[in-house]
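First residue of the sequence shown: 1310, per this note's numbering; consecutive thereafter.
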Amino acid sequence: MRIIITKSTSEAVDVVSSLLLEKLNSHSKLVLGLATGKTMEPVYEQLVEKIVHNQLDIKSHSFFMLDEYVGLPLDHPSSFKSYVTRYLISPLNLKESLFSFPPVDHVNLNKAGEEYEQKIRSCGGIDLQLLGIGTNGHIGFNEPGSSVESRTRVVKLTEATRKANEAQFPNGNVPVEALSMGVASIMDAREMLMLATGSSKADAIKYLFNHHDDDSCPATFLKSHPRFTLVLDPDAASKISLNI
Ligand code: F6R
């Protein structure tokens, strides 16, 4: 695991957006796995600025979303499809067809999960997976208790996760389920890049540092991956002690 502890949140965001830009620039056909969430908002804003500034053409790349709410219309402002439209597709004037979304409108969601995995495989697999972390250590929507062998499937959201996301649902109807890539699907990526910012993530990051392969904090599985980079701001790093 490579750890980058930055001096500020803006530096952490800059490190991640620069790493993403470098990957998009150096590959002719990158397959990039994308996360949503508040942590990634400034990352995508900066990435868009950098792509525009560098006049980078990213139309040969493809993008896979980690997860999507079940039971929410895809055009709902809080769907992850709307999120990525807002932060990447519209500002960069990209074709939606470059992006793949967990197909939550499929009549058979178990089959939908298998088909999504197949689609990822047919694109050659994910080169780089961008990840946030939940306050309970979830990755994607792989909540505590998720198996290291899990694949794209319907997951039940924990109360902690629903509470963390309730601001996006002013009517209080936070979805109870999502279709999420599994831990094994995420671990298949050739490289992983996680960003954690803010004091609300400090406990999960501390747990991640002190435990391995522990399904009560699915992020701990990532430590077995040969190419896992973790970028932290000072608040997210505030409870870890590095014996170096
Ligand atoms: C969302 C996702 C989640 C978030 C995590 C952190 O696509 O994969 O694992 O990364 O819930 O969310 P924020 O960034 O809102 O704290």
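For every residue, glycine included, the Cβ atom is placed at its ideal position computed from N, Cα and C.
Predicted model, so just to flag it, every value in this text is computed and none were measured.
Rounded straight-line distance, which links the Cα of residue j to that of residue i
i     : j     : result
K1510 : A1545 : 5 Å
L1541 : M1501 : 14 Å
F1373 : S1550 : 34 Å
R1311 : V1325 : 13 Å
S1319 : P1400 : 21 Å
L1375 : P1411 : 7 Å
E1350 : R1395 : 10 Å
Member of the options whose CA lies at the smallest distance from the CA of residue i
i     : options                    : result
Q1477 : E1486, M1490, F1389        : F1389
S1406 : N1417, V1416, V1393        : V1393
S1533 : V1457, K1316, T1467, K1338 : V1457
I1429 : R1460, R1395, Y1378        : R1460
L1504 : E1377, L1440, H1520        : L1440
L1328 : Y1516, V1352, A1469        : V1352
T1538 : Q1438, S1391, S1547, D1376 : Q1438
A1528 : N1419, D1323, A1473, F1450 : F1450
Residue i - DSSP class collapsed to helix/strand/coil
i     : result
V1340 : strand
M1349 : helix
I1360 : helix
A1505 : strand
R1395 : helix
K1465 : strand
M1374 : strand
I1553 : Confidence at I1553 is low in this model, with a pLDDT of 49, below 50, so its placement is unreliable and the value that follows should be read with caution. Of the three classes helix, strand and coil, the one that applies to I1553 here is coil, per DSSP.
L1330 : helix
N1480 : coil
**Request:** Could you say if the region 1419-1427 and the region 1360-1371 meet the contact criterion of at least three C-beta pairs nearer than 8 Å?
**Result:** For the pair of segments examined, the region 1419-1427 was found not to touch the region 1360-1371: the number of CB pairs separated by less than 8 Å stays below three.
**Request:** Starting from the N-terminal side, write out each stretch of the beta strand (DSSP E) that is 3 residues or longer and does not extend beyond the region 1505-1551.
**Result:** Counting whole runs of 3 or more residues, the region 1505-1551 contains the beta strand (DSSP E) stretches 1537-1541.
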